[in-house]
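A.B. asks: Taking mature numbering (1 follows the signal peptide of the UniProt record, and there is no 0), I'd label the letters of the sequence shown as residues -20 to -1, 1 to 623.
Here a beta-carbon is modelled for each residue, glycine too, at the ideal position from N, C-alpha and C.
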Amino acid sequence: MLLYIVFIISSSLLFDFGLTQTNFGNGAYPSRAPPRPSQPLPPHQPGDTFVLNEPYVPLNTKPRYNEVRTPTLNPYPQPDNVTNTLVAQIQGFGVLGYASFREIAQNELEATISITGGPANESYIARVFELPIQNGASCTPINVVFPLDRVFTPSAIIGRTLMLQAKYSGVSICSVIMPGDDKKLIFIGKFHSPISGMAYYIQGDIGAAVGTEWMMFSDGKRRDDRFAWRLLRIDSDTVDSKVLNEKNRCQDLTGDVIHSSKQYLLPVSTEAPIWRGRMHLGLSTRIAPTDSIYLILETPNGARVACTSLNRVEPKVGVASFMSPDTRGEIKFTQDSPFEPTRVVINLDLFTPAFSYGIDVLPSLRRKKEEFKKCPNVKETIYNPFHVDPDKVPAQGMGTTEMYAVGDLSGKYGTLESRQSIRLTTWDVNLPLFGYYSVIGRAIVIYGPNGPAVACTNIELDGKPLHVVYATFDYPIQGQFIFRQPEGECFSDTYLYIEVSKHPSLDTDKTFNHPWHVHENKLNIKDTQLSTTDCGPAGGHHNPYNVSVASQNPIYVRDCNIFTPTRCEVGDLAHKLGHIDIPKYLGVNGQEPEVAKYYFIDSDSPLCGPAKIADKSLVIHEADFQMKRLSCANLFVYSPKTK
């Protein structure tokens, strides 16, 4: 049974209401999900009441995971019309649906909530919280700060978090309220120095908002502060001028002021904050898709402290195309922005028995025409960056997508058992295409009923030619580091694949925790070599924005990580992505020699523009976090051979 509620919210009404799920009697479901195998492969085994103005009370009771209804037995509610409408896609703990907000008069919103699934007879309190929920963050008040007292205009809620809190089970479901139509505009900018962090601008047919995340000092300053700010529109811009303007703090930049504020100040912290260093404000501004926009921070007397260009975010589309005799068709993923869920469209025809499918940790690579394995190079491990316990998730197709590993497609959408084809369109709140946890570039693997892979292909950016930069090592480290980024998109994600091992002539065993960095200078390496151990001429780390590291002091090491890449030197890959382990290239008992393989996504390693890592050098340091340089190689731009 579908729960469908319409509310009219005026300026005199607090947005805080309850809703109850009742009477879900269609289809039986197990009282307890069947056990899931603990090994990584294969991922599966065959086999209406409202309370207005209710006070906000944090809930600590345990969620009842075993009472989740199967979403595959229920239609996924979607709004009929999204024009001039804000929409939050609701999905969590077996609940599917949406909330929509439409302005019907001045200071008057029509709010509609339509949900299905979840435990029977559960009640929810719905509230709008101040900040957007970040990707991968738990849906708790500490991550979205304070609930709003009043919400009666679109600008008051656009880009903020809608939270449904279950009264009895204690679970919370978060989603970001975004413009519902395809005319929305989203801009994102990156601060590096003397302040690091991220800024965004969201605009729909009704309402706009500006906000910041992870704002902290990167120049060694040790106290929190707040700054006046302005949005500035300039006539034209280039990649080079954007980097130059940020480096000189936009001191000489002039243009039209779209919005300025000396009352609602922008906070900057001294450390990676949970809520300090975050700001969100609704605006009445309007900008065009082609506008060049800057966010500038100022002291009370007007002195400019830092700035960043805001660059338009286009929807990211990843396509996995199957063209083998066993499997034909495609799986298409579309995510409009990092704030929104991913739309998944599956069209597959299966010509061989299959059971499960999922996204692998690694890409599939074919090095020769005839491969012994169906899916060479994959790790045969479901991509699971948030460490979901496979023994504690619902049965296949019995939960909502956040309850499974990111790459567990047959867990989320149901298995392929006895299927000759699959046609499915759905939303996935746990399948990012932006940032560190992106699935772009990884392989989708289809497994047979007995476990072995029967087909695979990689998720590639749709219609995007890629710029490629690489470094090759031959002694004492051997391997290759391959960086890929969409051509001309110098501020977008960079995809990095690594294969590395020790030369077989070396006597040392596998070593762990090697730092690795892009260094400033290109090396003079002999024509007979690909790499060298003479790494002194590589110079220091590539640090085009001059962020403060203070000889690797604990403050920098604490603040530079996968969540705050702009707080890092651009070349500090070890702290942005993680240290690497290097095995000896040696096969045992007839097995293939061991090679360490890694796949990373870095949102701040540009391959083009003034801050690019191309034409620099890559240095691998000694094990166990030592700074002594072990081996180094140049980073070259790849040029395809032409006939």
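Between TYR477, SER597, GLY589 and ILE420, which lies nearest to VAL297 when the distance is taken from Cα to Cα?
C.D. replies: Taking the sequence shown and counting its residues from 1, one reaches residue 297 at position 317. That would be ILE420, whose Cα lies nearest to the Cα of VAL297.
A.B. asks: Where THR192 and HIS239 are concerned, what is the direct C-alpha to C-alpha distance, given to the nearest angstrom?
C.D. replies: Stepping through the sequence shown from its first residue, residue 192 is reached at position 212. Stepping through the sequence shown from its first residue, residue 239 is reached at position 259. One C-alpha to the other measures close to 15 Å.
A.B. asks: With ASN501 and SER597 assumed to form a contact (beta carbons below 8 Å), what rounded beta-carbon distance in angstroms separates them?
C.D. replies: Walking along the sequence shown from the start, residue 501 turns up at place 521. Walking along the sequence shown from the start, residue 597 turns up at place 617. Correct: roughly 6 Å between the Cβ atoms.
A.B. asks: Below 8 Å on the Cβ atoms is my guess for PHE319 versus PRO59; work out the distance and round it to an integer in Å.
C.D. replies: Taking the sequence shown and counting its residues from 1, one reaches residue 319 at position 339. Taking the sequence shown and counting its residues from 1, one reaches residue 59 at position 79. With a Cβ gap of about 18 Å, PHE319 and PRO59 do not count as contacting.
A.B. asks: Indicate the three-state DSSP secondary structure (helix, strand or coil) for residue 660 in the structure shown.
C.D. replies: One cannot answer for residue 660 here, as it falls past the ends of the chain, which runs -20 to 623.
A.B. asks: Where does GLU226 fall in DSSP's three states?
C.D. replies: Here residue 226 is taken as the residue at index 246 of the sequence shown, counted from 1. It is helical.
A.B. asks: At a cut of 8 Å, does the region 386 to 401 reach the region 319 to 336 through at least three beta carbon pairs?
C.D. replies: yes
A.B. asks: Which of the three DSSP states is assigned to ASP215 in this structure?
C.D. replies: Counting from 1 along the sequence shown, the entry for residue 215 is found at position 235. If DSSP states are grouped into helix, strand and coil, ASP215 belongs with coil.
A.B. asks: Hey, which unbroken runs of the beta strand (DSSP E) at 3 residues or more fall wholly within the region 431 to 488?
C.D. replies: 433 to 438, 446 to 453, 457 to 466 and 474 to 482
A.B. asks: Going by DSSP, what residues sit across from ILE113 in a beta bridge?
C.D. replies: Start at 1 with the first residue of the sequence shown, and residue 113 comes out as number 133. Note: ILE113 sits in no beta bridge, so no partner.
A.B. asks: Taking the Cβ atom as the reference point for each residue, do SER118 and VAL527 lie within a distance shorter than 8 Å?
C.D. replies: As a position in the sequence shown, residue 118 is number 138, starting the count at 1. As a position in the sequence shown, residue 527 is number 547, starting the count at 1. Against a cut-off of 8 Å, the Cβ pair of VAL527 and SER118 comes out as no contact.
A.B. asks: Rounded to the nearest angstrom, what separates ALA591 and VAL223 at their Cα positions?
C.D. replies: To locate residue 591, count along the sequence shown from 1; it is residue 611. To locate residue 223, count along the sequence shown from 1; it is residue 243. One C-alpha to the other measures close to 7 Å.
A.B. asks: Does ASN291 come out as helix, strand or coil in the three-state DSSP assignment?
C.D. replies: Translated into the one-based positions of the sequence shown, residue 291 becomes position 311. Looking at ASN291 - three-state DSSP - the assignment turns out to be strand.
A.B. asks: Within 10 Å of its beta-carbon, does TYR536 have 16 or more other beta-carbons around it, so buried, or fewer, so exposed?
C.D. replies: Walking along the sequence shown from the start, residue 536 turns up at place 556. With 16 or more other Cβ atoms inside 10 Å of its own Cβ, TYR536 counts as buried.
A.B. asks: Check whether the Cβ atoms of SER611 and PHE461 lie closer than 8 Å to each other.
C.D. replies: Numbered from its first residue, the sequence shown carries residue 611 at position 631. Numbered from its first residue, the sequence shown carries residue 461 at position 481. No, the Cβ-Cβ distance between SER611 and PHE461 is not below 8 Å.
A.B. asks: In whole angstroms, give me the CA-to-CA distance for GLN227 and ARG258.
C.D. replies: Here the question's residue 227 lines up with position 247 in the sequence shown. Here the question's residue 258 lines up with position 278 in the sequence shown. One detail in the question is off: residue 227 reads as Lys in this sequence, not Gln. Those two C-alpha atoms are separated by around 22 Å.
A.B. asks: Compute the Euclidean distance between the alpha carbons of ASP561 and PRO573, then round it to the nearest angstrom.
C.D. replies: Numbered from 1 along the sequence shown, position 581 holds the residue referred to as residue 561. Numbered from 1 along the sequence shown, position 593 holds the residue referred to as residue 573. Using only the alpha carbons, I get a separation of about 15 Å.
A.B. asks: Consult DSSP for ALA91 and reduce its assignment to one of helix, strand or coil.
C.D. replies: Here residue 91 corresponds to residue number 111 of the sequence shown, with the count starting at 1. DSSP places ALA91 in strand when its eight states are reduced to three.
A.B. asks: Just curious, the beta strand (DSSP E) that ALA423 is in, first and last residue?
C.D. replies: Within the sequence shown, residue 423 is the residue found at index 443, counting from 1. 423 to 427 is the span of the beta strand (DSSP E), which, as asked, contains ALA423.
A.B. asks: Should PHE492 go down as buried or exposed, given a rule of 16 or more other Cβ atoms within 10 Å for buried?
C.D. replies: Against the sequence shown, residue 492 aligns to sequence position 512. The residue in question, PHE492, is exposed, as its Cβ has fewer than 16 Cβ neighbours within 10 Å.
A.B. asks: Opposite ASP340 in the DSSP bridges: which residues?
C.D. replies: Translated into positions along the sequence shown, residue 340 becomes position 360. Answer is ILE362, bridged to ASP340.
A.B. asks: Where does PHE616 fall in DSSP's three states?
C.D. replies: Along the sequence shown, one-based indexing puts residue 616 at 636. Looking at PHE616 - three-state DSSP - the assignment turns out to be strand.
A.B. asks: Do you know how far the Cα of GLU83 is from the Cα of PHE132?
C.D. replies: For the purposes of this step, residue 132 is taken as the residue at position 152 of the sequence shown. For the purposes of this step, residue 83 is taken as the residue at position 103 of the sequence shown. Approximately 8 Å between the Cα atoms of the pair.
A.B. asks: Does the Cβ of VAL568 have 16 or more other Cβ atoms within 10 Å, making it buried, or fewer, making it exposed?
C.D. replies: Here the question's residue 568 lines up with position 588 in the sequence shown. If you draw a 10 Å sphere on the C-beta of VAL568, you find fewer than 16 other C-beta atoms in it, and that means exposed.
A.B. asks: Could you tell me the boundaries of the beta strand (DSSP E) in which TYR578 lies?
C.D. replies: For the purposes of this step, residue 578 is taken as the residue at position 598 of the sequence shown. From DSSP, the beta strand (DSSP E) with TYR578 extends over 576 to 582.
A.B. asks: Would you call the CB atoms of LEU246 and ARG206 closer than 8 Å?
C.D. replies: As a position in the sequence shown, residue 246 is number 266, starting the count at 1. As a position in the sequence shown, residue 206 is number 226, starting the count at 1. In terms of Cβ geometry, LEU246 and ARG206 form a close pair [threshold 8 Å].
A.B. asks: Going by beta carbon distance, what residues of the same chain come within less than 8 Å of GLY415, once the five residues before and after it are set aside?
C.D. replies: What you label residue 415 is simply residue 435 of the sequence shown in a count that begins at 1. Counting only Cβ-Cβ distances below 8 Å, and skipping sequence neighbours, we find ASN115, PRO318, ASP473, ILE581 and SER583.
A.B. asks: Please name the residue in PHE81, ALA146, PHE126 and LYS621 whose C-alpha comes closest to that of ILE105.
C.D. replies: Here residue 105 refers to the residue found at position 125 when the sequence shown is read from its first residue. Minimum Cα distance to ILE105 is reached at ALA146.
A.B. asks: Hey, how far is the Cα of PRO17 from the Cα of PRO370?
C.D. replies: As a first step, residue 17 must be located in the sequence shown, where it is residue number 37. As a first step, residue 370 must be located in the sequence shown, where it is residue number 390. Unreliable positioning characterises PRO17 in this predicted model, as indicated by a pLDDT of 31, which lies under 50. A coordinate reading is not provided.
A.B. asks: Thinking ILE93 and GLY139 are a contact (beta carbons under 8 Å), I'd like their distance in whole angstroms, please.
C.D. replies: Residue 93 sits at position 113 when you count from the first residue of the sequence shown. Residue 139 sits at position 159 when you count from the first residue of the sequence shown. 19 Å between Cβ atoms; not a contact.
A.B. asks: Going along the chain, which residues of its own chain have a beta-carbon closer than 7 Å to the beta-carbon of GLY589, five neighbours each way excluded?
C.D. replies: Here the question's residue 589 lines up with position 609 in the sequence shown. Closer than 7 Å at Cβ, skipping near neighbours: VAL219, ASP220, VAL223 and CYS470.
A.B. asks: DSSP has LEU396 in a bridge; who is on the other side?
C.D. replies: If you number the sequence shown from 1, residue 396 lands on position 416. Paired residue(s): none; LEU396 is not in a bridge.
A.B. asks: Give a yes or no on contact between the region 540 to 555 and the region 371 to 390, applying the rule of three or more CB pairs nearer than 8 Å.
C.D. replies: Between the region 540 to 555 and the region 371 to 390 there are fewer than three C-beta pairs closer than 8 Å, too few to call the two in contact.
A.B. asks: Cα separation between ILE426 and GLY379?
C.D. replies: On the sequence shown, position 446 is the one that residue 426 refers to. On the sequence shown, position 399 is the one that residue 379 refers to. In a straight line, the C-alpha of ILE426 is about 21 Å away from that of GLY379.
A.B. asks: Where does GLY159 sit, in a helix, a strand or coil, going by DSSP?
C.D. replies: For the purposes of this step, residue 159 is identified with residue 179 of the sequence shown, where counting begins at 1. Reading off the sequence, residue 159 comes out as Pro, not Gly. Correct three-state label for PRO159: strand.
A.B. asks: Is the beta carbon of ASP301 sitting closer than 8 Å to the one on GLU310?
C.D. replies: For the purposes of this step, residue 301 is identified with residue 321 of the sequence shown, where counting begins at 1. For the purposes of this step, residue 310 is identified with residue 330 of the sequence shown, where counting begins at 1. A small correction: the amino acid at residue 301 is Ser; Asp does not occupy that position in the sequence shown. Closer than 8 Å, so yes.
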